[in-house]
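Here's the structure we're looking at; comments come further down.
Numbering (this note's numbering), first residue to last: 1 to 915.
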């Protein structure tokens, strides 16, 4: 489903909000709704007593806030400290008190002068209420956004929410509190925030620190509502906050009606559900407008638990499908009398039982197969089956959650339902897949059937698919721990984990797959495939040197296989592509160039017989262009990249989602290659196109595209500076630093090189706008990062450290620290000399430029004769290369000659006799 963005004027009305954005689907229905936080209404005690479960609804706050002072203090600190934008994922099992804690925090924050907003995922069925929401932030200390059920939001919808202008007012603190049952989706959500300069944290809400005090507070509050003294008796030993509240409520209700309360959690649930039935029967017996018999209301409540809140037309269709013999409108009105909508102005129907855990238990107890003292209904089985199709997201998730506590739900109902229609699990979404993965008794055959219907990748499903694959592998290996089963299982698990952004876990799985494969010495192809996956995990986890070592073995194996059987030619060619990448990453540029040329030739042969592989040829050409650029062969590099770009444009026209990431990378590369040849305006045009494209991609899948976006912003800053647009260059470079700093915080090895480059670039641009102190700080940080990298991998990071030192020297000179600047320049020159010996074409320009800086600094310090040596050496280098790249070296040569002429003039003046 495609999503369109409709942005409101930030201070005007549009789609019902003031001061925020609204994002809608193509049909105009909202992706999510934003509403100002509202305190709970004061509920009539008599109305609450009619259905005791109403007192458990956190919306009415019957029980005073108790026992979470430490967590509340932690939330206050999170709100008041740290970066301007921060996001927290608070998770715990259902009934642990997340919603109540968030509500108390929201009330306090609102009282403290913040704007507090609630976000509701709303794809399709429920439209926003009439009127508008004033979300402006004038005279507000900040904005707090509360997102309940965040683990059930599609990742793409959360990405749209995070991009809302409400959260990005300059100077206004913004906090987003996400509530969820599990942390499965958090790694991908956290990655989607990387480009927003947001602080991120997660918190597992533990059991109440003082269960006895929580029980007592709840019992006393319920007793007040009933108008009776608190029921005597010790508190039960439950660890769940909701269980303590249920026990307290049942004890008071039973005491008020002269009954004996049950002593176990299942009995508490049955007691409360019995009171629901009693209420339906009482209303029906009174007569009047309420005309729905209890058996019909039972079916309506069951349906509402599966579907959740709907608009009236959709609710009417659901009730009509129950075939109760009554008017759907009559049933809906009577249901709303028992279970009124939380927000009546929105016109919704079929408000489900609350809390969610009680609704899950109601589903389980209504379905046949349990031995509890509660009437199961035969009609529940076909009703669940019929509603699960259109309402899979909630129905499958709730049934799976119920199955974790009620052993009959899975084997007798949920698993048969999914066996008949495995695609329902996929349609239900990532949260449902994670809930299914948490079930210990889910059959292996069903897991396999669901796996067959899962896509290779999907940003909204990747986390759930990884969880399901983990369950599948655990189940398989519990029955078959053979090397073949371990090798296959861990290989596929590493794939899913990589897609979900869980790189460290993927690496562990890939290593286990390789170890298992070594126990099967005769299966050479499978061993090579496992090694190839390990290589990818090593490289993505910031271990390129180790990746090169493993790749060499892989290439040799696949080369032999391809010689014996042409079916392996594609795998061999793909590994050549990978080998070139890792060689380049470790600074072995000439070897990378040779391997890249072999990869292009291999893919040309394959494409000649089967054009379907064109995208692989484009990738090989793109990399080959990079390797040519690394050794200074810019015209040839641009030629290879342009050929790849033509192919990629053709492929992107047919399938934008699949090929736009490659297109962005090619735009960046060609911009660099044109810029190196003096085509600055053309380079800037391509850099801007690449950044625009990558911003859109990163909103959908930040984990996959944020690193490229960070590097693209660095390049955009360089190109802007080259055409004299220095303030814009500073902005682009600063954003690049922010993006890459966040990424490096999560994976220092993988992203610190890019961060160091962005910092150096930012320092250079800050000098250009006369902000030398800030430039010095950025340059100094870049040098610190690259000194550490150089200590670990000298060949790989020698030239990078030289660049950072040369920029640091400029900053030191600009801040009046000339001796230190001269020392840094001397170090940079020596590093570039060493790099030049290994690859003259790649480092001629950098060495000549840094020698120019050295000569300039020496002359400024009065050491004019010494300055001539480095200047003459730089001139010789530039003159030897000007024919290969006239625009770039011609400009440098002009600067060098002018500096040398100034030095000679200065010397002549010194030697002239005084008059």
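For every residue, glycine included, the Cβ atom is placed at its ideal position computed from N, Cα and C.
Quick caveat: nothing in here was measured; it's all calculated off a predicted structure.
Quiz item: When you compare only the Cα positions, how much space is there between residue 179 and residue 449?
Solution: 31 Å
Practice problem: Note down, one range per segment and in chain order, each alpha helix (DSSP H) of at least 4 residues found wholly within the region 530-605. | Solution: 544-564 and 569-585
Exercise. In the DSSP assignment, find the unbroken beta strand (DSSP E) run with residue 875 in it and report its ends.
Key: Premise fails: residue 875 lies in the alpha helix (DSSP H), 864-881, not in any beta strand (DSSP E).
Quiz item: So, are the CB atoms of residue 736 and residue 758 less than 8 Å apart?
Solution: yes
Quiz item: When the Cα atoms are used, what is the spatial distance from residue 355 to residue 272?
Solution: 12 Å
Quiz item: residue 666 to residue 645, Cα distance in whole Å?
Solution: 6 Å
Quiz prompt | Limits of the alpha helix (DSSP H) - the one that residue 200 falls within | solution = Element bounds for residue 200: not the alpha helix (DSSP H) but the beta strand (DSSP E), 198-204.
Quiz prompt | Nearest candidate by alpha-carbon position, reference residue 142, set 648, 173 and 743 | solution = 173
Quiz prompt | Entirely enclosed alpha helix (DSSP H) segments - the region 291-354, minimum 4 residues | solution = 294-307, 312-321 and 328-338
Self-check item: Whole-Å CB distance - residue 760 paired with residue 807, under 8 Å assumed
Solution: 5 Å
Practice problem: Measure the beta-carbon distance from residue 31 to residue 176 and round it to whole angstroms, keeping in mind my assumption that it falls under 8 Å. | Solution: In fact, because the Cβ distance is near 16 Å, the residues do not count as touching under 8 Å.
Self-check item: Endpoints, the beta strand (DSSP E) within which residue 176 is located
Solution: 173-180
Quiz item: What do you reckon, is the C-beta of residue 254 under 7 Å from a heavy atom of the ligand SAH?
Solution: Looking at this structure, you won't find the ligand SAH or any other ligand, since it has none at all.
Self-check item: Reduced DSSP secondary structure (H/G/I, E/B, other) of residue 125
Solution: Here the model assigns residue 125 a pLDDT of 41, short of 50, so the residue's position is not dependable and the matter cannot be decided.
Self-check item: Residue interval of the beta strand (DSSP E) (run including residue 917)
Solution: A question about residue 917 goes unanswered here, because the residues of the chain that appear run from 1 up to 915.
Practice problem: Counting only runs of 4+ residues fully inside the region 715-773, write out the alpha helix (DSSP H) ranges in chain order. | Solution: 726-746 and 748-768
Practice problem: For the region 817-835 and the region 784-800, state whether three or more C-beta atom pairs, one from each stretch, are separated by less than 8 Å. | Solution: yes
Exercise. Please say whether residue 509 and residue 185 have beta carbons closer to each other than 8 Å?
Key: no
Quiz item: Of all the options 851, 456, 642 and 298, which has the alpha carbon lying nearest to the alpha carbon of residue 805?
Solution: 851
Quiz prompt | Candidates 538, 502 and 485, of which the one nearest residue 511 by Cα | solution = 538
Exercise. Return the CA-CA distance between residue 244 and residue 92, expressed in angstroms with no decimal places.
Key: 16 Å
Quiz item: With DSSP run on the structure shown, which of helix, strand or coil describes residue 692?
Solution: helix
Practice problem: Check residue 85 in the structure and name its three-state DSSP category. | Solution: strand
Quiz item: Does the region 386-393 come within contact of the region 424-436, defined as at least 3 CB pairs closer than 8 Å?
Solution: yes
Self-check item: Continuous alpha helix (DSSP H) stretch holding residue 673: start and end
Solution: 656-675
Self-check item: Residues near residue 453 in its chain [Cβ-Cβ closer than 7 Å; skip 5 each side]
Solution: 422, 423 and 426
Quiz prompt | residue 126 burial status per 10 Å Cβ neighbour count (16 or more: buried) | solution = Unreliable placement is indicated for residue 126, whose pLDDT of 49 sits below 50; the coordinate value is still reported in the next sentence. That one is buried.
Quiz item: What is the rounded straight-line gap between the Cα of residue 458 and the Cα of residue 212?
Solution: 45 Å
Quiz item: How about residue 706 and residue 191: are their beta carbons less than 8 Å apart?
Solution: yes
Quiz item: In angstroms, rounded to a whole number, what distance separates the CA positions of residue 209 and residue 67?
Solution: 7 Å
Practice problem: Going by CA-CA distance only, name the one from 572, 525, 33 and 103 that's closest to residue 135. | Solution: 33
Exercise. Enumerate in chain order the residues of its own chain whose CB-to-CB distance from residue 290 is below 8 Å, with the five nearest sequence positions on each side excluded.
Key: 283, 284, 334 and 337
Quiz prompt | residue 916 versus 652, 829, 635 and 368, residue with shortest Cα-Cα distance | solution = Given a span of 1 to 915 for the chain in the structure shown, any question on residue 916 remains unanswerable.
Practice problem: With a cut-off of 8 Å on the beta carbons, I'd call residue 322 and residue 303 a contact; round off their distance for me. | Solution: 6 Å
Quiz item: Of the residues 620, 653, 603 and 489, which one's Cα is nearest the Cα of residue 637?
Solution: 620
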